[in-house]
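*Asks:*
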Amino acid sequence: MNLNFFVLYTILTVFSASTALEYAPIVNTKHGQIRGLINTVGLWTKSYFYQGIRYATAERFSKPVRVESFDEEIYDATKERNSCPQFLNGLGNTDVHHMTNKSEDCLFLNIFKPIPNIEDDDAKLLPVMVWFYGGGFQCGTIFFPLYDGTYLANYGNVIVVSINYRVGPFGFLYAGTEDVPGNQAFYDQIMGLEWVRDNIKSFGGDPDQVTIFGESAGSFSVSTLVISPLAKGLFRRAIMQSGSMVPTIRFSNKQGAIDKTLKLAKDLNCEQQEMSKIIKCLRSKSMEEIKNVATDSIEKMISNQMIGPIIGDAVLPKDVSRFQHGSNGPVDILFGVTRDEGSFFVVHFLPELKDNNIQMSEDKIRENIRKILSFYHIQDHEEIENYYIKRIDTTDYNQVRKMFSDLFGDLRFNCPVMLYGKQMARANPKNRFYAYRFDRRTILADRMHCDEWMGVCHASDLLYVFSHSMMTIYPRDSQLSIDVMNSWTRFANTGDPSPIGSMEWPEAFDDNELQSSMRWMIIDIDYKIENDIYKDVCETIWTKQYDDWFERNFSSQKEEL
11 MNLNFFVLYT
21 ILTVFSASTA
31 LEYAPIVNTK
41 HGQIRGLINT
51 VGLWTKSYFY
61 QGIRYATAER
71 FSKPVRVESF
81 DEEIYDATKE
91 RNSCPQFLNG
101 LGNTDVHHMT
111 NKSEDCLFLN
121 IFKPIPNIED
131 DDAKLLPVMV
141 WFYGGGFQCG
151 TIFFPLYDGT
161 YLANYGNVIV
171 VSINYRVGPF
181 GFLYAGTEDV
191 PGNQAFYDQI
201 MGLEWVRDNI
211 KSFGGDPDQV
221 TIFGESAGSF
231 SVSTLVISPL
241 AKGLFRRAIM
251 QSGSMVPTIR
261 FSNKQGAIDK
271 TLKLAKDLNC
281 EQQEMSKIIK
291 CLRSKSMEEI
301 KNVATDSIEK
311 MISNQMIGPI
321 IGDAVLPKDV
331 SRFQHGSNGP
341 VDILFGVTRD
351 EGSFFVVHFL
361 PELKDNNIQM
371 SEDKIRENIR
381 KILSFYHIQD
391 HEEIENYYIK
401 RIDTTDYNQV
411 RKMFSDLFGD
421 LRFNCPVMLY
431 GKQMARANPK
441 NRFYAYRFDR
451 RTILADRMHC
461 DEWMGVCHAS
471 DLLYVFSHSM
481 MTIYPRDSQL
491 SIDVMNSWTR
501 FANTGDPSPI
511 GSMEWPEAFD
521 DNELQSSMRW
531 MIIDIDYKIE
541 NDIYKDVCET
551 IWTKQYDDWF
561 ERNFSSQKEE
571 L
């Protein structure tokens with residue numbers, strides 16, 4: 011989830027319709043009966059909405075435990091439940107912190123089902139799309155209004171599921187023990203998918219036609235689940251929007267994760283000689299005490315200084331993270347980015363970029379490039395500096411700002427997504443792969459603090475994937491949203507997103523050897539195909555940096571914990 015999307019909370023709420031409560035049919039699941047409601051968006055679009063279904067419980071820092079049965083005779087899925095505790099500052103006054111109650115008791119999921127017409131075949135099972143939100147693994151919730159799945163479910167005749175998972179220390183704290191394993195958030199996601207496998211047929215969904223999709227950290231999650239041995243067989247397709255577990259710069263090695271645990275313990279006066287005593291002390295602290303010391307800035311989040319994912323466990327063994335085994339069977343993948351992924355984030359490293367009147371000498375430009383790279387401990391900076399600087403007029407400040415945006419976007423989003431797609435295609439030549447770049451500046455860009463020079467910011471595609479009643483004010487954007495929803499749901503149904511609008515969408519690769527050009531669908535009011543849009547920068551600059559990072563941080567001697 012784009013962090014500046016939280017400012018949409020008030021906007022989306024104002025445009026949402028409210029009606030008298032109508033109930034959806036009661037559903038019989040393996041865990042008991044569930045009552046939902048009829049959700050209305052806009053003037054007439056409706057869905058069956060089963061909100062806040064408990065799928066698991068979890069002790070602090072531990073793996074989730076599946077729910078065997080509900081406490082009540084008929085589970086009330088007509089109201090919002092808890093969001094997980096949030097750990098990110100700098101989101102403004104209308105952020106996720108104010109949306110729902112925050113509690114460690116937060117493992118819930120939402121289900122949106124299109125209301126069938128009289129002539130529909132009730133026996134026909136619908137494809138299922140399971141959503142994972144973004145937020146840098148430090149914030150996010152399924153109860154964010156943007157993630158209402160009613161439009162998507164209706165336009166594509168699919169069932170949309172969204173799964174809450176833990177974030178921050180509650181989602182990733184690592185102690186090197188079975189009781190505190192790290193990557194708890196991924197265990198949450200996997201258990202949510204298991205719940206879908208076991209129960210979605212009761213809602214009319216096809217458990218053999220599940221597509222997982224997510225944006226930013228949600229896309230990172232999708233890319234991890236695609237290759238995790240623990241998620242094998244839980245889905246058939248995957249959509250990755252602006253995020254990939256390649257490179258491993260978003261992961262900590264186990265020693266780094268232990269160091270972050272010890273820092274949290276020090277901040278909470280829980281320093282002990284034995285890890286078991288440290289964890290006991292951390293579990294004795296209140297949720298608010300932990301939030302007060304663990305909540306930090308966007309800069310800390312994007313430079314991997316906060317508690318987050320690890321490599322080398324059961325979720326993501328080190329050999330799997332290097333694509334030595336391919337994906338979990340026949341998983342087709344649609345992956346992509348927005349045109350200006352880096353712009354929103356780079357201004358947190360270099361706030362002077364917000365100033366329209368500032369000038370920056372070439373020496374200062376080089377210094378600022380080194381500043382960004384230093385956050386990722388990249389020391390081989392001269393080649394990177396020269397690559398980006400030689401492509402611009404350093405006296406043109408708009409070009410300078412665009413260069414910084416591109417550099418950060420290439421480092422964190424464009425090349426990771428492209429390289430993941432290529433590595434997966436090489437390991438799984440029988441699967442289908444489709445690539446896109448989203449080039450439409452969203453209608454709400456200015457209200458999302460995405461200034462004109464920042465272009466098509468990170469997460470600009472979200473409003474078009476989920477749509478909203480406000481889209482009707484902008485006919486061209488409304489049609490673009492319909493096209494995107496149709497392609498996303500067509501991919502979930504068939505493994506092929508084509509066509510988008512009236513244009514055929516070719517597979518990204520022609521041959522198993524990946525010698526041909528990589529084709530990208532450019533999604534805008536006018537669609538077009540472009541070839542190899544990131545090939546030069548990714549293969550010339552960033553592939554070596556990612557390989558060096560892995561060797562420095564995940565060598566065998568650092569994994570024996």
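Each residue of the sequence shown is one higher than the one before, starting from 11 at the first, in the working numbering.
Just so you know, even glycine gets a beta-carbon here, dropped at the ideal spot from N, CA and C.
1) Residues in its own chain within less than 6 angstroms of Ser-172 by CB, not counting five upstream and five downstream?
2) Quick one: is Asp-350 buried, meaning 16 or more other Cβ sit within 10 Å of its Cβ, or exposed?
3) If you follow the beta strand (DSSP E) that Lys-538 is in, where does it begin and where does it stop?
4) Under three-state DSSP, which class holds Asp-105?
5) Applying the 10 Å Cβ sphere with the 16-neighbour rule, what's the burial state of His-387?
6) Can you tell me which of Gly-266, Asp-269, Lys-295 and Ser-286 puts its alpha carbon nearest to the alpha carbon of Asn-279?
7) Is it true that the CB of Arg-451 sits closer than 9 angstroms to the CB of Ile-533?
8) For Lys-123 versus Ser-57, is the C-beta spacing smaller than 9 angstroms?
9) Do Gln-148 and Gly-318 have their C-beta atoms within less than 9 angstroms of each other?
10) Which residue from Leu-272, Val-330, Gln-283 and Ile-320 puts its Cα closest to that of Ala-1?
11) Rounding to the nearest angstrom, what Cα-Cα distance links His-391 and Arg-380 in this structure?
12) Touching or not, the stretch 397-412 and the stretch 491-509, by the rule of three or more beta carbon pairs under 8 angstroms?
13) Identify, in the order they occur along the chain, each residue of the same chain with its Cβ nearer than 6 angstroms to the Cβ of Pro-49, setting aside the five sequence neighbours on each side.
14) Buried or exposed: which applies to Val-168, given that a residue is buried once 16 or more other Cβ atoms fall within 10 Å of its Cβ?
15) Is Arg-70 helix, strand or coil when you go by DSSP?
16) Look at the Cβ atom of Ser-254, then the Cβ atom of Phe-345, and state whether they are nearer than 9 angstroms.
17) Quick one, are the C-beta atoms of Ser-286 and Pro-191 less than 9 angstroms apart?
18) What does the alpha-carbon distance come out to for the pair Asp-542 and Cys-460?
19) What is the residue span of the alpha helix (DSSP H) that Asn-563 lies within?
20) In whole angstroms, give me the CA-to-CA distance for Leu-53 and Pro-257.
21) Taking contact to mean 3 or more Cβ pairs, one atom from each stretch, closer than 8 angstroms, check whether the stretch 306-325 and the stretch 227-243 are in contact.
22) Measuring only the C-alpha atoms, how far is Ser-470 from Lys-290?
23) For my contact list, Leu-248 and Ile-222 are in at a C-beta cut-off of 8 angstroms; report their separation, rounded to the angstrom.
24) Let me check you understand the geometry: is the CB of Ala-195 closer than 8 angstroms to at least one non-hydrogen atom of the ligand ADP?
25) Restricting to Cα atoms, I'd like to know which of Leu-473, Gly-181, Glu-395 and Met-458 is closest to Gly-150.
26) For the candidate residues Trp-498, Asp-557 and Leu-454, whose alpha-carbon lies nearest to that of Cys-425?
27) Looking at the structure shown, is Leu-136 part of a helix, part of a strand, or coil, going by DSSP?
28) Let me know the secondary structure DSSP gives Leu-454 once reduced to three states.
29) Does Asn-209 pass the burial test, meaning 16 or more other C-beta atoms within 10 Å, or should it be called exposed?
30) Relative to the alpha-carbon of Tyr-175, which residue among Thr-187, Tyr-143, Leu-183 and Asn-164 has its alpha-carbon at the smallest distance?
31) Would you mind working out which of Leu-524, Asn-396 and Asn-111 sits nearest Lys-440, comparing C-alpha positions?
*Replies:* Once the coordinates are examined:
1) Asn-120, Trp-141, Ile-152 and Tyr-157
2) Result: buried.
3) 538-541
4) In this predicted model, Asp-105 has a pLDDT of only 49, less than 50, meaning its place in the structure is not dependable; the value taken from the coordinates is given anyway. Coil at Asp-105, not helix or strand.
5) exposed
6) Among Gly-266, Asp-269, Lys-295 and Ser-286, the Cα nearest to that of Asn-279 is on Lys-295.
7) no
8) yes
9) yes
10) As displayed, the chain neither begins before 11 nor continues past 571, which places residue 1 out of reach and without an answer.
11) Each residue's CA atom was taken as its position, placing His-391 and Arg-380 some 6 angstroms apart.
12) no
13) Per the sequence shown, the amino acid found at residue 49 is Asn instead of Pro. Cβ within range, chain order: Ser-57, Phe-59 and Thr-160.
14) buried
15) coil
16) yes
17) Not a contact, by the Cβ cut-off of 9 angstroms.
18) 27 angstroms
19) Here the alpha helix (DSSP H) through Asn-563 covers 553-563.
20) 44 angstroms
21) yes
22) 43 angstroms
23) Just to set this straight, residue 248 is Ala in the shown sequence, not Leu. About 5 angstroms separates the Cβ atoms of Ala-248 and Ile-222, confirming a contact at the 8 angstroms cut-off.
24) Among the components of this structure there are no ligands whatsoever, and the ligand ADP is therefore not found.
25) Shortest Cα-Cα distance from Gly-150 to any of Leu-473, Gly-181, Glu-395 and Met-458 involves Gly-181.
26) Asp-557
27) Leu-136 carries a strand assignment under DSSP once its states are collapsed to helix, strand and coil.
28) coil
29) buried
30) Tyr-143
31) Comparing Cα positions, the closest option is Leu-524.
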